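Peer 1:
Residue numbers (the working numbering): 5 to 297.
Next comes the structure, spelled out in structure tokens:
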């Protein structure tokens, strides 16, 4: 069958009129029907994670952490609903726009939750060993996260409006993802340096099982998100139309879906509530209002 659609058929964009009854799936932007089972599974998992973060956030009064994590989960759910729409019609412009914007942007909120957590961790546990003040995490990483979110959302929206042909839209989204990678690498370096100095300071002898779980799963979540962002950068660098990566659903499921959903559950396990609740009773000068931020 010809790869060139007839003049009366628009394969993608706001005016798309192709359906599976009229056009082969190979003419669609992904060249496949997104897996219904995989997308439903991710929606269910993110719904469970969102409910878990709601319960834990209310229990431990971690409002910022809870809010960022729940917004991120909601973004993911909306994005995977978009992919279900594309299962029904791979040529659906609305479905593509929804999933490309929301799935791409969702992890930005998880990193924001992680940055807030690191700031509080430094404040409560041996701030004297840190090379930087806890407030710098708020002043540097959170604004950078907002810039990443704006760039990724704007680039995705511009690309979809232009039917995936806008190099400007691709470049903007790629800039957002690349900035997120750079920020995460810097964050990993700062986190690693803080943990190394913390362990060498003698505080490690007082570190209980809960703290080890907290630091371990928090660090693992950061690495998973970093790996995902690196993959999406490489994928997007190939563009939407002439990329073998974008047409490989297995890679998307493994390096986007699986990595991020595991990171989200790791961030449930490393929830800061129990850790900072203990800090209120062990760290002089720590107040209830501080722990609830």
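From the three backbone atoms N, C-alpha and C, an ideal C-beta is built for every residue, glycine too.
Predicted model, so just to flag it, every value in this text is computed and none were measured.
Are residue 2 and residue 260 touching if we call contact CB-CB under 8 Å?
Peer 2: As displayed, the chain neither begins before 5 nor continues past 297, which places residue 2 out of reach and without an answer.
Peer 1: What's the call for residue 171, buried or exposed, on a 16-neighbour Cβ count within 10 Å?
Peer 2: Exposed is the call here.
Peer 1: Please report how far the alpha carbon of residue 80 lies from the alpha carbon of residue 137, in whole angstroms.
Peer 2: Taking the straight line from one Cα to the other gives about 32 Å.
Peer 1: Taking only three categories from DSSP, how would you classify residue 63?
Peer 2: It is helical.
Peer 1: Could you give the distance in angstroms between the alpha-carbon of residue 8 and the alpha-carbon of residue 15?
Peer 2: Their Cα atoms are separated by approximately 10 Å.
Peer 1: What residue ranges within the stretch 196-266 form continuous alpha helix (DSSP H) runs of no fewer than 4 residues, ordered along the chain?
Peer 2: Counting whole runs of 4 or more residues, the stretch 196-266 contains the alpha helix (DSSP H) stretches 213-241 and 253-256.
Peer 1: What separation, rounded to the nearest whole angstrom, lies between the Cα atoms of residue 24 and residue 262?
Peer 2: Their backbone Cα atoms lie some 28 Å apart in a straight line.
Peer 1: Could you pull out every residue in the same chain whose Cβ sits closer than 7 Å to the Cβ of residue 58, ignoring the five residues on either side in sequence?
Peer 2: Excluding sequence neighbours, residue 58 sits near 70 and 74.
Peer 1: Inspect the beta-carbon positions of residue 32 and residue 133 and report whether they are closer than 8 Å.
Peer 2: Not closer than 8 Å, so no.
Peer 1: Thinking C-alpha only, which one of 124, 86, 220 and 110 is nearest residue 66?
Peer 2: Of the candidates 124, 86, 220 and 110, the one whose C-alpha sits nearest the C-alpha of residue 66 is 124.
Peer 1: Hey, quick one: how far does the alpha helix (DSSP H) through residue 120 stretch, first residue to last?
Peer 2: 97-128 is the span of the alpha helix (DSSP H), which, as asked, contains residue 120.
Peer 1: Could you say which of 129, 212 and 248 lies nearest to residue 199 if we only look at CA atoms?
Peer 2: Answer by Cα proximity: 129.
Peer 1: Within this structure, are the beta carbons of residue 82 and residue 106 separated by less than 8 Å?
Peer 2: Yes, Cβ-Cβ distance for residue 82 and residue 106 is below 8 Å.
Peer 1: Skipping 5 residues on each side, what residues in its chain have a beta carbon closer than 7 Å to that of residue 181?
Peer 2: For residue 181, where only same-chain residues beyond five positions count, the Cβ hits under 7 Å are 156, 233, 236, 237 and 240.
Peer 1: Residues in the same chain with beta-carbon distance under 6 Å from residue 160, minus the five sequence neighbours each way, listed in chain order, please.
Peer 2: Once the five neighbours on either side are set aside, the close Cβ partners of residue 160 are 104, 105, 108 and 177.
Peer 1: Taking buried to mean at least 16 other C-beta atoms within 10 Å of its own C-beta, is residue 193 buried or exposed?
Peer 2: Label assigned to residue 193: exposed.
Peer 1: For residue 37, which of helix, strand or coil comes out of DSSP?
Peer 2: Reduced to three states, the DSSP call for residue 37 is coil.
Peer 1: Can you check which of these residues, 98, 152 and 63, is closest to residue 275 by C-alpha distance?
Peer 2: Taking only the C-alpha atoms, the option nearest residue 275 is 63.
Peer 1: What does a CB cutoff of less than 7 Å around residue 146 pick up in its chain, not counting 5 residues either side in sequence?
Peer 2: So the list reads 116 and 119, once near-sequence residues are dropped.
Peer 1: Is residue 45 helix, strand or coil when you go by DSSP?
Peer 2: Residue 45: helix per DSSP, three-state reduction.
Peer 1: If we call anything under 8 Å between Cβ atoms a contact, is residue 187 one with residue 152?
Peer 2: The answer is yes: Cβ separation under 8 Å.
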